[in-house]
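K.L.:
Just passing along the structure, written as structure tokens.
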Amino acid sequence: MLWRMLIIRIRVYAWQKEVDLHQVLWRRSRLSERHAGQGNGIAGADHFWFGHTPLRHRVDIDNLHYIDTGAVFGGELTLVQLQ
96 MLWRMLIIRI
106 RVYAWQKEVD
116 LHQVLWRRSR
126 LSERHAGQGN
136 GIAGADHFWF
146 GHTPLRHRVD
156 IDNLHYIDTG
166 AVFGGELTLV
176 QLQ
């Protein structure tokens with residue numbers, strides 16, 4: 096998929112509503128809310144995969160998967176095989 100097409104799809108992924116790309120890439124409140132026992136998974140797909148927030152280990156909550164385990168900082172490298 097071309098990068099431009101990916102950007103367009105990200106901007107309209109929530110029922111055709113515009114979203115802020117900065118929020119899509121960098122928002123961390125969803126993870127904080129889930130750790131506090133608040134919030135839910137995301138409707139519309141079976142799985143959502145996240146990075147850009149280094150964690151000590153992979154975190155799977157509902158259909159949210161946080162796989163950035165800080166390899167750039169000396170942590171483990173987490174790989175997921177998607178089919």
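Number 161 in my numbering belongs to position 66 of the sequence shown; there are no gaps in the numbering.
Each residue gets a CB set at the ideal place from its N, CA and C atoms; glycine is no exception.
Every value quoted in this text rests on a predicted model; they were computed, and no experiment measured them.
Considering Cα atoms alone, identify which of Gly-170, His-142, Glu-171 is closest to Met-177.
P.N.:
Per the sequence presented here, residue 177 reads as Leu, with Met not at that position. The residue with the shortest Cα to Cα distance from Leu-177 is His-142.
K.L.:
Given that a residue counts as buried once 16 or more other Cβ atoms are within 10 Å of its Cβ, and exposed if not, what is Asn-125?
P.N.:
According to the sequence displayed, residue 125 carries Arg and not Asn. So Arg-125 counts as buried.
K.L.:
Pull the bridge partners of His-147 from the DSSP assignment, please.
P.N.:
His-147 pairs with nothing; no bridge assigned.
K.L.:
What ranges does the alpha helix (DSSP H) occupy inside the segment 114-176, keeping only unbroken runs of at least 4 residues that lie completely in it?
P.N.:
Fully enclosed alpha helix (DSSP H) runs of 4 or longer: 116-121, 124-130.
K.L.:
Can you tell which of Lys-112, Gly-134, Arg-123 has the C-alpha that lies nearest to the C-alpha of Asp-157?
P.N.:
Nearest option by C-alpha distance: Gly-134.
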